[in-house]
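Colleague: Just dropping this structure here.
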Amino acid sequence: IIVSDLIHQISRSKTFTYDDVVKKVARQIGLDDPTKIRLTSHNCYSQGVEHLSDMLVHYNQMSDILYYEVLDIPLPELQGFTILKVAFHHSTKDA
Numbered sequence: 001i002i003v004s005d006l007i008h009q010i011s012r013s014k015t016f017t018y019d020d021v022v023k024k025v026a027r028q029i030g031l032d033d034p035t036k037i038r039l040t041s042h043n044c045y046s047q048g049v050e051h052l053s054d055m056l057v058h059y060n061q062m063s064d065i066l067y068y069e070v071l072d073i074p075l076p077e078l079q080g081f082t083i084l085k086v087a088f089h090h091s092t093k094d095a
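Residues 1 to 95 (the UniProt record's numbering) make up the sequence shown, in order.
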């Protein structure tokens with residue numbers, strides 16, 4: 001994988017949408033389903049963004065770091081899950 005080529009290609013147009021970027025990443029790593037990629041910016045406060053430029057800017061400073069994660073299931077399906085908090089009360093080690 002030539003990561004520098006991918007970064008250069010993506011960074012040329014900061015107006016790429018989230019979907020554009022995951023399609024390019026999927027193609028580069030040989031993944032058939034781009035919906036199984038989750039992007040995370042170096043700035044952990046960027047969430048729900050539409051364009052690459054929104055992910056890479058934090059306090060008016062541009063970052064060139066973008067993380068991706070290959071998921072077992074498509075991201076839209078994962079986002080539809082409900083998080084349950086489970087607490088065990090009065091549990092014992094022997095049980």
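Backbone N, C-alpha and C define an ideal beta-carbon position, used for all residues, glycine too.
This structure is a prediction, so every number in the text was calculated from the model and none was measured.
Per DSSP, which residues does LEU84 bridge with? Please list them.
Modeller: None, per the DSSP bridge assignment.
Colleague: Helix, strand or coil, according to DSSP, for LEU31 in the structure here?
Modeller: In this structure, LEU31 counts as coil in the three-state DSSP scheme.
Colleague: Please classify LEU52: does DSSP put it in a helix, a strand, or coil?
Modeller: In this structure, LEU52 counts as helix in the three-state DSSP scheme.
Colleague: Where does ILE1 sit, in a helix, a strand or coil, going by DSSP?
Modeller: Confidence is the limiting factor: at ILE1 the pLDDT is only 42, short of 50, which leaves the residue's position unreliable and the question unanswerable from this model.
Colleague: Just mark PHE16 as buried or exposed, buried being the case when its beta carbon has 16 or more other beta carbons within 10 Å.
Modeller: That one is buried.
Colleague: Residues in the same chain with beta-carbon distance under 7 Å from LEU78, minus the five sequence neighbours each way, listed in chain order, please.
Modeller: The residues are LEU71.
Colleague: Starting from LEU78, trace the alpha helix (DSSP H) both ways and give me its first and last residue.
Modeller: Its alpha helix (DSSP H) spans residues 75-79.
Colleague: Cα-Cα, which of TYR18, VAL21, GLU69 and THR92 is closest to LYS36?
Modeller: That would be GLU69, whose Cα lies nearest to the Cα of LYS36.
Colleague: DSSP puts residue 108 in a beta bridge; with which residues?
Modeller: No answer is possible for residue 108: it lies beyond the span of the chain, which begins at 1 and ends at 95.
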